[in-house]
Ligand code: ASP
C-alpha cells in the first residue's frame, strides 16, 4: 500500500498512529539536527519531521538529499505539533519519520508551486502539469468536475439521456470554419470536426430519443479572440414535443440548480427580455444586468436645437453614471479618450453633470438650456450627483460604443461583483443577420432555426425583420447558452437553405441526410447548448476560462506544452494522399 492516508487527512485523533504517506516535497527547512518538510498531494499538506535523535541516521542522511518536488513515501508516527498551525486542517499534528523512500527525483521546477507563483503565463502553460499542482488551478478543475456532475445528475433525473455523437463528421455550419481531418481510406476526402453536434441531436429526435444531452467537445476554427478556445465544451441538449416555453423552463431549472448547488445562490425566476429591448436598453444582446445604467434615448429631446452633431445622428443615446457629477475635468477627459480609442471608435462624447442642487452643467451648454437637460436626465434616469454620458451616430455602432462605455464604467465603479449572479433570457432573436463582407443574409443562430410562426412570409419582403424562435441565456453579461426551436419540415428547411443562398445541389449535398430524415416522421423539436467552460468560469467568479481547462491552448491556438500543431512527416502525408510541399 503506497499510503494509508492522504496529506489532508491527519488530525489530533490520529496521534500515536503509525501511518504511511506519499506525495511531493513542497518545501523543506533543514536545521541540521532537524528537518521539516511540507509534504503535498491533491488533498493537502502534512508536516513531516526528521529528527536526529529520533529518526534513523540513514533516513536522516537521505532526507538531506531531497529537493523541491521530489516524490517520496514516508512511514512514521503521528505526533502532536509543538507549535500548532490553526490555518492548516492538519496543523495540530506532524509525522515523525522513521522510513523514507524517494520514489522519484525532480528537477528544480521552473516556477514556484505556490498559490501565488512567480511563473508567467507562458511558462505555466509550457509546464502545465506543474501548474496543475498549484491550489488555484487544481481547485478550478475540481470545481469544473462538480459542475459537470451536477449537470449530469440534474438532467438525468429529468429524464435526459446522454448520447455520444461522432467527432469525425461532415461540416455543420455554426458560423465558423471547420477543422478538417483527411481520410486515409477515402482518398481526397475529409472529415470535419463538429462545430457542434447540431444535426446529430436533431437526428436523435427523429430517432425518438426525446430528451438528449451530452457534455461534448466542439471545434471551431475561428480567429482567436482573447479567451476563446478552438476546442471547447458544450452541454448540448435537445428535446422533442416541446415549445420554446418548455425549453426555457427546463434549462432555467438546470441553471437554478447549478447556482444553488455549486455556489449557494438562490433566485426565484429569470427575467426575460426581447432581443430588440436588450439592444435598445443596453446596446447589447447579452446585457449585464447586475447593475442599472440603462440607455436613455435622447433623439426626441436633443434634436430640436442647432447642435448638428445630434441633429444629423440616427441615434442620440445616454447613460447616467451614478455619482459621476463629482468627476474632475481630467477624469471626464479620460472617459472621452477612452470612447475615442479605435477599439471603441466614438468620435466624441457629450456629458452633463447633474449637480446636487438640481442644476445641470453640460459640455453643450451653448445649445441646450436647463429645461432641455432636465429632459435628458429624465430619459436616462439620472439623479442629482450623476453624470450623463451621451453618444450619437449610426444606431448599431452608437449602441455598441455606449455599451462598451457602460461596461467599462461599471467595472471602474465596482458594480460587476463576482459573487452576484444575474441571469437573463434574451428571446425573439432575428432569424437573419446581414453580413457586410459577403453582402448577404446569414442565419443568426444557424440554418436549422425556425422563424416565429407566421413570419416565414416576411422572408421575401423584409428578411431582416423576421424573428426566430431563438433564445440565449445570459449570465453576468456573458452568453452562456443559446438555442432555438428547429425546423422539422423538409420543405421549410429546404426553403431556408434557398434563402441562405445554398443552391439545391449544395443543400442536398451538405444536408440531404437531414432533410431526408425529416420525411420519416420528424417530431417538433428544439434545444440549446451551454458553453461549459464559460459557465464554470462565471460560477467560479472569474472572467477567464483558461484556468478551468486542464490543457488550454494559447491565443495563437497552440498547445505550447506538447507543441501542437506540428508538421507531420512526408511518409504520413503520403499515406494520407496529401501532396503538400513543405
Ligand atoms: N448548436 C447550437 C450552438 O452550438 C446550440 C443549439 O442551437 O442548440 O450554438
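Numbering (UniProt numbering), first residue to last: 1 to 582.
Heads up, the beta-carbon is just placed ideally off N, CA and C, and yes, glycines get one too.
These numbers were taken from a predicted model, which means no experiment stands behind them.
{"Asked": "Closer than 7 Å: residue 529 CB and nearest the ligand ASP heavy atom", "Found": "yes"}
{"Asked": "Residue from 472, 439 and 6 whose Cα sits closest to the Cα of residue 485", "Found": "472"}
{"Asked": "Given residue 300 as reference, the closest of 355, 241 and 392 once Cα atoms are compared", "Found": "392"}
{"Asked": "Enclosing alpha helix (DSSP H) for residue 22 [first to last residue]", "Found": "Not the alpha helix (DSSP H): residue 22 falls in the beta strand (DSSP E), residues 18–30."}
{"Asked": "Buried versus exposed call for residue 285 [16 or more other C-beta atoms within 10 Å across all chains shown]", "Found": "buried"}
{"Asked": "C-beta neighbour in chain D for residue 29, strict 8 Å", "Found": "In the structure shown, chain D cannot be found, because there is only a single protein chain."}
{"Asked": "For residue 329, three-class secondary structure by DSSP", "Found": "helix"}
{"Asked": "Residue nearest to residue 108 in terms of C-alpha spacing, selected from 69, 303, 181 and 187", "Found": "69"}
{"Asked": "Backbone CA spacing between residue 464 and residue 429 [nearest angstrom]", "Found": "11 Å"}
{"Asked": "Three or more C-beta pairs below 8 Å linking the stretch 169–183 and the stretch 140–154", "Found": "no"}
{"Asked": "Same chain, Cβ closer than 8 Å to residue 228, five either side skipped, listed in chain order", "Found": "222"}
{"Asked": "Through-space distance from residue 565 to residue 183, alpha-carbon basis", "Found": "18 Å"}
{"Asked": "Those runs of the alpha helix (DSSP H) which lie wholly inside the stretch 71–154 and span at least 4 residues", "Found": "121–126 and 128–131"}
{"Asked": "Closest Cα partner of residue 137 within the set 497, 258, 42 and 33", "Found": "42"}
{"Asked": "Start and end residues, alpha helix (DSSP H) containing residue 363", "Found": "Here residue 363 belongs to no alpha helix (DSSP H), and DSSP marks it neither H nor E."}
{"Asked": "Residue burial classification, residue 304 (beta-carbon count within 10 angstroms, cutoff 16)", "Found": "exposed"}
{"Asked": "Simplified DSSP assignment, three categories, for residue 223", "Found": "coil"}
{"Asked": "Length of the line joining the Cα atoms of residue 562 and residue 323", "Found": "51 Å"}
{"Asked": "Local Cβ density within 10 Å of residue 194, reported as buried at 16 or more and exposed below that", "Found": "buried"}
{"Asked": "Nearest residue (CA-CA) to residue 161, options 191, 167, 451 and 201", "Found": "201"}
{"Asked": "Alpha helix (DSSP H) runs contained entirely in the stretch 475–555, provided each spans 4 or more residues", "Found": "490–499, 504–518 and 532–539"}
{"Asked": "Neighbour-count burial assignment, residue 362, 16 or more Cβ in a 10 Å radius", "Found": "buried"}
{"Asked": "Candidates 386, 357, 340 and 452: closest to residue 404 by CA position", "Found": "340"}
{"Asked": "Distance cut-off 7 Å: residue 82 Cβ against heavy atoms of the ligand ASP", "Found": "no"}
{"Asked": "Distance between residue 192 and residue 170 (C-alpha atoms, nearest Å)", "Found": "5 Å"}
{"Asked": "Complete alpha helix (DSSP H) runs within the stretch 273–311 (minimum length 4 residues, chain order)", "Found": "275–282, 299–302 and 308–311"}
{"Asked": "Integer Cβ distance of residue 2 from residue 73, believed to fall under 8 Å", "Found": "6 Å"}
{"Asked": "Outcome for residue 599 when other beta-carbon atoms lying within 10 angstroms are tallied against a minimum of 16", "Found": "Because residue 599 is not part of the residues shown, which for the chain are 1 to 582, the question remains open."}
{"Asked": "beta-carbon residue 162 near the ligand ASP non-hydrogen atom, thresh 7 Å", "Found": "no"}
{"Asked": "Touch test, the stretch 325–337 against the stretch 447–461, Cβ-Cβ under 8 Å, three pairs minimum", "Found": "no"}
{"Asked": "Segment contact flag, the stretch 491–507 with the stretch 276–292, C-beta cutoff 8 Å, min 3 pairs", "Found": "no"}
{"Asked": "Residue 174 Cβ short of 7 Å to the ligand FAD heavy atom set", "Found": "Of the ligands one can find in the structure shown, namely the ligand ASP, none is the ligand FAD."}
{"Asked": "Residue 442 in three-state terms, based on DSSP", "Found": "strand"}
{"Asked": "Rounded C-alpha distance that separates residue 92 from residue 408", "Found": "47 Å"}
{"Asked": "Candidates 17, 265 and 345, of which the one nearest residue 397 by Cα", "Found": "345"}
{"Asked": "Local Cβ density within 10 Å of residue 268, reported as buried at 16 or more and exposed below that", "Found": "exposed"}
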